[in-house]
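Below is one structure; the comments refer to it alone.
2 protein chains.
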Amino acid sequence: MSLLVAGTVAIDDVKTPQAEEKQLLGGSAAYAAIAASFFHKPVELVGVIGNDFPEAHTSLLESKGINLDGLEQVEDESFHWSGEYFENMNRRETLSVSLNVLENWQPKVHETGREAEMIVLANMSPENQLTTLDQCDSPHFVIADTMDLWIDIAQDKLHEVMQRIDLLVLNDGEAMQFTGTNNLIEAGEILQKKGPGHVIIKLGEHGSFLFGDDHREFFRCAAYPLKEVFDPTGAGDSFLGAMAGYLVHHGATKPNYEDMRQAVVRGSIMASFTCEAFSTKRLAEVTPDEFEDRLAELRELIRF
Amino acid sequence: MSLLVAGTVAIDDVKTPQAEEKQLLGGSAAYAAIAASFFHKPVELVGVIGNDFPEAHTSLLESKGINLDGLEQVEDESFHWSGEYFENMNRRETLSVSLNVLENWQPKVHETGREAEMIVLANMSPENQLTTLDQCDSPHFVIADTMDLWIDIAQDKLHEVMQRIDLLVLNDGEAMQFTGTNNLIEAGEILQKKGPGHVIIKLGEHGSFLFGDDHREFFRCAAYPLKEVFDPTGAGDSFLGAMAGYLVHHGATKPNYEDMRQAVVRGSIMASFTCEAFSTKRLAEVTPDEFEDRLAELRELIRF
Chain V
1 MSLLVAGTVA
11 IDDVKTPQAE
21 EKQLLGGSAA
31 YAAIAASFFH
41 KPVELVGVIG
51 NDFPEAHTSL
61 LESKGINLDG
71 LEQVEDESFH
81 WSGEYFENMN
91 RRETLSVSLN
101 VLENWQPKVH
111 ETGREAEMIV
121 LANMSPENQL
131 TTLDQCDSPH
141 FVIADTMDLW
151 IDIAQDKLHE
161 VMQRIDLLVL
171 NDGEAMQFTG
181 TNNLIEAGEI
191 LQKKGPGHVI
201 IKLGEHGSFL
211 FGDDHREFFR
221 CAAYPLKEVF
231 DPTGAGDSFL
241 GAMAGYLVHH
251 GATKPNYEDM
261 RQAVVRGSIM
271 ASFTCEAFST
281 KRLAEVTPDE
291 FEDRLAELRE
301 LIRF
Chain G
1001 MSLLVAGTVA
1011 IDDVKTPQAE
1021 EKQLLGGSAA
1031 YAAIAASFFH
1041 KPVELVGVIG
1051 NDFPEAHTSL
1061 LESKGINLDG
1071 LEQVEDESFH
1081 WSGEYFENMN
1091 RRETLSVSLN
1101 VLENWQPKVH
1111 ETGREAEMIV
1121 LANMSPENQL
1131 TTLDQCDSPH
1141 FVIADTMDLW
1151 IDIAQDKLHE
1161 VMQRIDLLVL
1171 NDGEAMQFTG
1181 TNNLIEAGEI
1191 LQKKGPGHVI
1201 IKLGEHGSFL
1211 FGDDHREFFR
1221 CAAYPLKEVF
1231 DPTGAGDSFL
1241 GAMAGYLVHH
1251 GATKPNYEDM
1261 RQAVVRGSIM
1271 ASFTCEAFST
1281 KRLAEVTPDE
1291 FEDRLAELRE
1301 LIRF
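Chains V and G, in that order, are what the protein sequence lines are.
First residue of the first sequence? That's 1 in the working numbering, and the numbers climb one at a time after it.
First residue of the second sequence? That's 1001 in the working numbering, and the numbers climb one at a time after it.
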C-alpha cells in the first residue's frame, strides 16, 4: 500500500507579529508529505525545485522517509512565496510570489509513485493535479486541495478534478466563494454534488466539517485549541497529509465513513503542531506520545 | 429551587435577506425566560414594558409558566429595537434603538423573585445587573451576559459585576474587545481572572468554549448545524436561559463542571431552534422530542 503526494515545494519567507524568517522550507507538498510520513513511510513526493534549493531542506525531507525520485530539479530559481500574518492570525497577506520553476512545470510521476493507491493532490494548479492523476496507475482514493486563485481563474479544470477525486478539502472562505452561499452546510452539499464523495470544509481555529456520501454522514471536528498560534502556514497541507498517511497506515485506501472521521481528527491534531513554529519545524518533530496526548485531550475536550 | 431572569423585554422589528417583520416580541430576558421555561417552571421575570406592549406577547410569556409579577409596566413606550441581518447572518446592523421605558428604569425584584437561587442577568446595563443582584436574598449561581456597548462605556461597572457572578457569557468579538487579545483561549483565561469561576465564549455557528475553574476544565461545544439560519436574534439569550433552566431542573444550583458541560450543550441546542424563525416563534414551540433528537444528533455529529 503506498502513498503519493504531489504539489508545490517552495522557499518561504514568513513574517508574523512576533517574528520573521527567510529561506524556510515551504510548499503544499512539503508540508503534506512530512505530515503523511508521521504515519507511513515511504511517501512518494512529486514536485519541482530550482538549483537554489537549500540542501538542508531536501535532507530533512529524506530523513522523514520521503522518496525524492519524483522531485524534479531544474535550472532556475525555486518557487518562492513571501507572506505576512496580522493580529488575528487568520488574516494573511501574500507579499510576493515568484513562480520560477513552477511556471512551465508539468508533474512527472516516477515509477514507484505511479503505483500508489492513495493520492494526495496538494494545492497546485488543477491542470497539474490532472496531469499527476493521469500518470497514476491504480488510485484507490484521491484527495485534492485547492485555493481561491484556482476557483477564480481555473474553475473549469477544477470541475474536472472534482469528477475524479474522492475527497475535496478547502477552507470556509473558498467554499463560500466556490458555491456562492454563505451557509457552510449548504456549501458542503453543493460541492459534494460536483463529484467528490467527501468534502471537508476547514474552519481554521474552529475545526472542520466533513460531508460524507450520505447526508447523514456528517462530522463536526473540533480544532485542538492553541493558546498561541505562531505561524499557521501549511496547517491545511499538514491536515491533508496526515489524513492520507493515517488512512494508508490503517490499510484504508478505500475508507469508510468511520475511517474518514478518524482521519479528519488526525489531520486536525497534526495541523495544530504545524502552527506552533515556523515552517515544518514543529511538524517534523512531533513524537507519537505527543500526538496521542493531544488526541486524548481533544477527545476529552468535546465529550459531553 | 427557583430561577430568576432579569433583563430587557422589547418590541423588535427585524429584517433579514428573506423577510421582514415588525412588532415582534424581543429583549434579552424574554428569550432567556422562554428558553429556561422549557426545563423549569415557573420562571421569575424581572423587566419593564410600556403601555404599548402587545398583550399577545405577555400572554405568550404567561403561557410558558413565566411569572410576570416582576414585569413592571410604566406610562411610556416600550423599549424598541430595530435591526437588519445581511448575507452572512453573523453580520447584524442596528437600525434604531429607542430606550423609552428603559431610560430611567431600575429593576425591582418581586417577592418570589428575591428567593431565587439561580439568577440570570441577561443583557442589560451592568448597573441594572448589580441593582438586580442586590435584591436577591440567596443567589447560589449567577450567570451574566453582556455586550460590546457595556464593554465600551461601562467597563468599571462590568468589572464589579464580574466579581459577583459565577459565569460570564459573551461572544468572540466581545471577548477580544474586552481583553485586547485575538486568541480566544487566552481571552477566556484573562476573563476568568477578572472574577467569574466560569466563562463561556460563544462562536456563533461555530459553537462555544467553556472555561472552568481549573485550566484543565475546558469544553469545546459544537453548534447544532443549521442549513438555514432564518433570524439569529435572541440565540445568545436562549443559550443563557436554557443553561440556567437545565441546571435548576437538575437541582444543580451549585453546578460542578460536568453539570456545566451538559448545560452548555442544552444552551447550544436551544439557540439553534431560536434561529429558525422570527422572534421567539420557534423557541416557544420546541417539544421535548425535538429537543432530544437534536441532542442525539449533535452527540453523533462530534463522535470519533
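Cβ coordinates follow ideal geometry from the N, Cα and C atoms, glycine included.
On a predicted model such as this, the values are computed, not experimentally measured, just so you know.
Is the Cβ of F1039 (chain G) closer than 8 Å to any Cβ of chain V?
Start at 1 with the first residue of the second sequence, and residue 1039 (chain G) comes out as number 39. No, no contact with chain V.
Would you mind stating whether K108 (chain V) and E72 (chain V) have Cβ atoms separated by less than 8 Å?
Looking up residue 108 (chain V) in the first sequence gives position 108. Looking up residue 72 (chain V) in the first sequence gives position 72. A contact, by the Cβ cut-off of 8 Å.
Neighbour flag for Q1262 (chain G) against chain V, beta carbons, 8 Å
Taking the first residue of the second sequence as 1, we reach residue 1262 (chain G) at position 262. Judged by the 8 Å Cβ criterion, Q1262 (chain G) is in contact with chain V.
Could you tell me the boundaries of the alpha helix (DSSP H) in which D134 (chain V) lies?
Taking the first residue of the first sequence as position 1, residue 134 (chain V) is located at position 134. Where D134 (chain V) is concerned, the enclosing alpha helix (DSSP H) stretches over P126 to D134.
Grab the span of the alpha helix (DSSP H) containing I201 (chain V) for me, first residue to last.
As a working note, residue 201 (chain V) is residue 201 in the first sequence. Note, I201 (chain V): premise wrong, no alpha helix (DSSP H); beta strand (DSSP E) at H198 to K202.
Using the beta-carbon count (16 or more within 10 Å), is I962 (chain G) buried or exposed?
Absent from the structure is residue 962 (chain G), since the part of chain G shown begins at 1001 and ends at 1304.
Shorter than 8 Å from the beta carbon of H198 (chain V) to some beta carbon of chain C?
Protein chains V and G are contained in the structure displayed, whereas chain C is not.
Tell me, please, which residues DSSP counts as bridged to I143 (chain V).
Taking the first sequence and counting its residues from 1, one reaches residue 143 (chain V) at position 143. Its beta-bridge partners are V:V120 and V:L167.
Proximal residues to K1022 (chain G) (C-beta, below 6 Å), its chain only, five neighbours per side dropped:
Taking the first residue of the second sequence as 1, we reach residue 1022 (chain G) at position 22. Contacts found: D1013.
According to DSSP, simplified to helix, strand and coil, what is G83 (chain V)?
Numbered from its first residue, the first sequence carries residue 83 (chain V) at position 83. G83 (chain V) falls in the strand class under three-state DSSP.
I'd like to know whether the C-beta atoms of I119 (chain V) and L133 (chain V) end up nearer to each other than 8 Å.
Within the first sequence, residue 119 (chain V) is the residue found at index 119, counting from 1. Within the first sequence, residue 133 (chain V) is the residue found at index 133, counting from 1. Taking 8 Å as the Cβ cut-off, I119 (chain V) and L133 (chain V) qualify as a contacting pair.
What whole-angstrom Cβ distance do Y31 (chain V) and D237 (chain V) have, given they're in contact under 8 Å?
Walking along the first sequence from the start, residue 31 (chain V) turns up at place 31. Walking along the first sequence from the start, residue 237 (chain V) turns up at place 237. Indeed they touch by this definition, with Cβ atoms about 4 Å apart.
Within a Cβ cutoff of 6 Å, which residues of the same chain sit near Y1257 (chain G), ignoring the five residues on either side of it in sequence?
If you number the second sequence from 1, residue 1257 (chain G) lands on position 257. Hits under 6 Å: G1212 and E1217.
Between the stretch 1289-1296 of chain G and the stretch 288-302 of chain V, do three or more beta carbon pairs fall short of 8 Å?
no
By how many angstroms is the C-alpha of F219 (chain V) removed from the C-alpha of L102 (chain V)?
Here the question's residue 102 (chain V) lines up with position 102 in the first sequence. Here the question's residue 219 (chain V) lines up with position 219 in the first sequence. Near 36 Å, if we compare the C-alpha coordinates of F219 (chain V) and L102 (chain V).
Classify V1009 (chain G) as helix, strand or coil using the three-state DSSP reduction.
Reading the second sequence from its first residue, position 9 is the one you call residue 1009 (chain G). It is coil, neither helix nor strand.
Could you tell me which of G:V1248, G:V1161, G:S1268 and G:L1191 sits nearest to S1208 (chain G), measuring between CA atoms?
Position 208 of the second sequence holds residue 1208 (chain G). That would be G:S1268, whose Cα lies nearest to the Cα of S1208 (chain G).
Could you list which residues in chain V have their beta carbon closer than 8 Å to that of I1185 (chain G), in chain order?
Position 185 of the second sequence, counting from 1, holds the residue named residue 1185 (chain G). In chain order: P225, L226 and K227.
What are the residues of the stretch 19-49 of chain V that lie near chain G, defined by any Cβ-Cβ distance shorter than 9 Å?
none
Would you check if the stretch 1271-1283 of chain G and the stretch 1246-1257 of chain G touch, i.e. whether three or more CB-CB distances between them fall below 8 Å?
Judged by Cβ distances under 8 Å, the stretch 1246-1257 of chain G makes no contact with the stretch 1271-1283 of chain G, as fewer than three pairs qualify.
Spell out whether any CB of chain V is found under 8 Å from the CB atom of L1306 (chain G).
This structure leaves residue 1306 (chain G) out entirely; chain G is present only between 1001 and 1304.
Leaving out five residues before and five after A1222 (chain G) in sequence, what residues of the same chain have Cβ atoms less than 6 Å from its Cβ?
Residue 1222 (chain G) sits at position 222 when you count from the first residue of the second sequence. So the list reads G1207 and I1302, once near-sequence residues are dropped.
Using the rule of at least 16 other Cβ atoms within 10 Å of the residue's Cβ for burial, across every protein chain shown, is P1017 (chain G) buried or exposed?
Here residue 1017 (chain G) refers to the residue found at position 17 when the second sequence is read from its first residue. P1017 (chain G) should be labelled exposed.
Report the residue from V:N104, V:H140, V:A252 and V:Q262 whose alpha carbon sits nearest the alpha carbon of F79 (chain V).
Indexing the first sequence from 1 puts residue 79 (chain V) at position 79. It is V:N104.
What is the residue span of the beta strand (DSSP E) that F1278 (chain G) lies within?
Indexing the second sequence from 1 puts residue 1278 (chain G) at position 278. Note, F1278 (chain G): premise wrong, no beta strand (DSSP E); not H, not E.
Figure out for me which residue from G:E1075, G:D1052, G:P1042 and G:V1074 has the closest Cα to the Cα of E1062 (chain G).
Within the second sequence, the letter at position 62 stands for residue 1062 (chain G). If we check each option's Cα against that of E1062 (chain G), G:P1042 comes out closest.
From Q192 (chain V) to A1116 (chain G), what does the alpha carbon distance come to, in whole angstroms?
Numbered from its first residue, the first sequence carries residue 192 (chain V) at position 192. Numbered from its first residue, the second sequence carries residue 1116 (chain G) at position 116. About 51 Å.
Contact criterion: CB-CB distance below 8 Å. Does E55 (chain V) meet it with respect to chain G?
The sequence position of residue 55 (chain V) within the first sequence is 55, counting from 1. Taking Cβ atoms only, chain G never reaches closer than 8 Å to E55 (chain V), which makes this a no.
Segments assigned beta strand (DSSP E), at least 3 residues, entirely inside the stretch 1187-1247 of chain G:
1198-1202, 1208-1211 and 1218-1221
Where does K1022 (chain G) fall in DSSP's three states?
Taking the second sequence and counting its residues from 1, one reaches residue 1022 (chain G) at position 22. Strand.
For S78 (chain V), which three-state DSSP category applies?
Taking the first residue of the first sequence as 1, we reach residue 78 (chain V) at position 78. Reduced to three states, the DSSP call for S78 (chain V) is coil.
Taking T1181 (chain G) as the reference, which of V:L68, V:I34, V:G70 and V:E87 has the closest Cα?
Working through the second sequence from its first residue, we reach residue 1181 (chain G) at position 181. The alpha carbon of T1181 (chain G) has as its nearest neighbour, out of V:L68, V:I34, V:G70 and V:E87, the alpha carbon of V:E87.
Taking a cut of 8 Å between CB atoms, which residues from the stretch 281-294 of chain V lie near chain G?
none
Contacting positions in the stretch 1065-1094 of chain G - beta carbon closer than 8 Å to chain V:
Contacts with chain V (Cβ-Cβ distance below 8 Å) from the stretch 1065-1094 of chain G involve E1087, N1088 and M1089, listed in chain order.
Just verifying my parser: in three-state terms, what is the DSSP assignment at S28 (chain V)?
Locating residue 28 (chain V) in the first sequence gives position 28, where the first residue counts as 1. DSSP places S28 (chain V) in helix when its eight states are reduced to three.
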